[in-house]
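Have a look at the structure below before the remarks.
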Amino acid sequence: MNAVQRHHLRIAWWMILPCTIGLVCFRLFPILTSFLISFTDWNIIGVPEFVGLNNYIQALTSPLGVKVLLNTFQYALVYVPLATILGFSLALLVDTGIKGVVFFRTLYFLPFITATVAVAISWKWMFATRFGILNAFLSWLHLSDPIAWLSNPNVALISVAVVMVWKDTGFYMV
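5 is the number of the first residue of the sequence shown in the working numbering; add one for each residue after it.
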């Protein structure tokens, strides 16, 4: 390797360094720390006490832990196929050579780059039981009494999954 190549390599390493430090500090370190803490009984004030797999056994055998696992499975069952199919379909649509395709790519990707908090607040307003636009539309069509989209356990999980599909489909499209 000659001097110019070494110089370019050194510049590349210096350019990668800030990102690597950020990844280690804000991703890798918290993940490893959380993993290690999961094997302890610790209330943050006292000294952590090693309990092995007891936390995991307790989580998997408690009724609440089983319910959480079932909810996660149901969420994934709705979210993964919908986001994948819609994202792939949008990718096929924007892969055509039609005029204005850049506009549609941007339009479909925009929800993904929108802040999650803004998306959550907007959809919360749309899902509102008394004044939400979704219930107003259903009422206008005389299809249904107002639905408690976020407080009814029968529809809340699906409602949240649909919001996340809407938000993430643009990413799946890319």
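Ideal placement from N, C-alpha and C gives every residue a C-beta, glycine not left out.
{"query": "Minimum C-alpha distance to residue 161 - residue among 11, 115, 122 and 76", "result": "76"}
{"query": "Residues that residue 44 bridges to, as DSSP identifies them", "result": "54"}
{"query": "Cβ pair count under 8 Å reaching 3, the stretch 161–173 against the stretch 115–128", "result": "yes"}
{"query": "Residue from 73, 111 and 72 with nearest C-alpha to residue 91", "result": "111"}
{"query": "Stretch pair the stretch 45–59 + the stretch 141–150: three plus CB contacts closer than 8 Å", "result": "no"}
{"query": "Integer-rounded CB distance, given that residue 163 should sit under 8 Å from residue 131", "result": "6 Å"}
{"query": "Range covered by the alpha helix (DSSP H) that runs through residue 170", "result": "160–177"}
{"query": "Coil, strand or helix - residue 155 by DSSP", "result": "coil"}
{"query": "Host alpha helix (DSSP H) of residue 23 (start-end)", "result": "7–27"}
{"query": "Ranges of the alpha helix (DSSP H) found wholly within the stretch 82–157, counting only runs of at least 4", "result": "105–117, 120–131 and 137–144"}
{"query": "Secondary structure of residue 38, DSSP reduced to three states", "result": "helix"}
{"query": "Own chain, CB closer than 6 Å to residue 194, minus 5 neighbours either side, in chain order", "result": "Residue coverage of the chain in this structure runs from 5 to 178, which leaves residue 194 outside it and unanswerable."}
{"query": "8 Å Cβ cutoff met for residue 139 and residue 157", "result": "no"}
{"query": "Inter-residue spacing [alpha-carbon to alpha-carbon] between residue 113 and residue 68", "result": "36 Å"}
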